[in-house]
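J.: Residue numbers (my numbering): 2 to 350.
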């Protein structure tokens, strides 16, 4: 047998084995034109697993079933996209960043706020943040969550993980100005539509010129059905508090309004509590036991009325602080931040 006949069959089989091995690797790792999520549910069990993400101009939903706690999802996204995993229609149990070519492995817990992920740096960052901050996330300490997210974003403006963290963890409602500011710090390359789309839609109504316009003089009705005329120019600073009739909500806000109103003379600070009750009788019942030293008012139609609609009040409670020219110094849902803004302005003017 010649050397040639001995050598070439060996080369042939080596090539065949190499091709077969590459096929096995490709099957396990996914291809460059799709992404794969291999997941495991802590404790095993069955569940309907859904992955929702934004890609190529539309929202996409991928659904599969977990068997003995294991599942696989395969999808496509030409550019990095932020998506959320849910189990059997519940709240999200994980946030992941995916793009074609990615193979992500994750472990999630039903009803949990923390998860594990490996496969790309943005997904690993989101998982690490959820684990390291699970206590404040579980407690709903949105102010501290926002502080930690902002700290990371400022330190890593070129990291796509920062964009994903901002969108998935920052509590934007009532904090739209800070959210917009943090978004503006990010490099344009990491603010992809697949990451930022829903986030910008959420905060956009708070960033319109109308919502941010100067606070104008207005006529309000007090609980004695007397018309009260409010004008920003009559005091150094004003705090407008939009509060619902719910007693527990008012109990968390009223003490701070009373403290601020008692501390400063009216020429320096005016507090106006505006009820979001649907009708005047419900509003009067909610405030009848108050010994208020500030204006308590109501307007027909509340936030939908022509008087307040332009303020784009997104939730209750909601606070606006304005100076004597009506310029908005603060918009948000934290009473402590509103009070601090008002007092700091008084002390410097």
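Cβ coordinates follow ideal geometry from the N, Cα and C atoms, glycine included.
1. In its own chain, which residues sit with a C-beta less than 6 Å from the C-beta of residue 340, not counting the 5 before and 5 after it?
2. Closest to residue 72 by CA distance: which of 46, 53, 82 is it?
3. In angstroms, rounded to a whole number, what distance separates the CA positions of residue 122 and residue 104?
4. Please return the same chain residues whose Cβ sits closer than 6 Å to the Cβ of residue 74, not counting the five positions on each side in sequence.
5. Could you check if residue 28 is buried or exposed, using at least 16 other CB atoms within 10 Å of its CB as the buried criterion?
6. Using the C-alpha atoms, what's the distance from residue 322 back to residue 266?
7. Count Cβ pairs between the segment 156–165 and the segment 131–140 that sit closer than 8 Å; are there 3 or more?
8. Going by DSSP in three states, residue 268 sits in which element: helix, strand or coil?
9. Have a look at residue 317 and residue 273 and give me their C-alpha separation to the nearest angstrom.
10. Which residue from 278, 57, 245, 102 puts its Cα closest to that of residue 193?
11. Please say whether residue 233 and residue 337 have beta carbons closer to each other than 7 Å?
12. Please give me, in chain order, every unbroken run of the alpha helix (DSSP H) with length at least 4 that falls completely inside the segment 154–194.
13. Looking at the unbroken alpha helix (DSSP H) that takes in residue 129, where does it start and where does it end?
14. Could you tell me which residues DSSP puts in a beta bridge with residue 226?
15. Using CA atoms only, rank isn't needed, just tell me which of 84, 344, 296, 237 is closest to residue 222.
16. Contact check, residue 48 vs residue 89 under 8 Å by CB: the rounded distance?
17. Residue 124 and residue 167 - do their beta-carbons sit closer together than 7 Å?
T.: By the coordinates alone:
1. For this step, residue 340 is matched to residue 339 along the chain shown. Closer than 6 Å at Cβ, skipping near neighbours: 257, 261.
2. Translated into positions along the chain shown, residue 72 becomes position 71. Closest by alpha carbon: 46.
3. The residue given as residue 122 occupies position 121 in the chain shown. The residue given as residue 104 occupies position 103 in the chain shown. If I take the Cα positions, the gap works out to 12 Å.
4. The residue labelled residue 74 in the question sits at position 73 within the chain shown. Same-chain partners within the cutoff: 38, 52, 63, 65.
5. Reading the chain shown from its first residue, position 27 is the one you call residue 28. Model confidence at residue 28 stands at a pLDDT of 44, short of 50, so the residue's coordinates are unreliable; what they give is reported in the following sentence. Classification for residue 28: exposed.
6. By 1-based counting over the chain shown, the position of residue 266 is 265. By 1-based counting over the chain shown, the position of residue 322 is 321. About 16 Å.
7. no
8. Numbered from its first residue, the chain shown carries residue 268 at position 267. Of the three classes helix, strand and coil, the one that applies to residue 268 here is coil, per DSSP.
9. Here residue 317 refers to the residue found at position 316 when the chain shown is read from its first residue. Here residue 273 refers to the residue found at position 272 when the chain shown is read from its first residue. Computed Cα separation, rounded: 15 Å.
10. Working through the chain shown from its first residue, we reach residue 193 at position 192. Closest option to residue 193, Cα to Cα, is 57.
11. Locating residue 337 in the chain shown gives position 336, where the first residue counts as 1. Locating residue 233 in the chain shown gives position 232, where the first residue counts as 1. Result no, Cβ atoms of residue 337 and residue 233 do not sit closer than 7 Å.
12. 161–170, 177–186
13. For the purposes of this step, residue 129 is identified with residue 128 of the chain shown, where counting begins at 1. First-last of the alpha helix (DSSP H) with residue 129: 122–133.
14. In the chain shown, the residue the question calls residue 226 occupies position 225. Looking at the DSSP assignment, residue 226 forms no beta bridge with any residue, so it has no partner.
15. Here the question's residue 222 lines up with position 221 in the chain shown. Of the listed residues, the one whose Cα sits closest to residue 222 is 296.
16. By one-based count along the chain shown, residue 48 stands at place 47. By one-based count along the chain shown, residue 89 stands at place 88. That pair is a contact at about 5 Å.
17. In the chain shown, residue 167 corresponds to position 166, counting from 1. In the chain shown, residue 124 corresponds to position 123, counting from 1. Contact flag unset, no.
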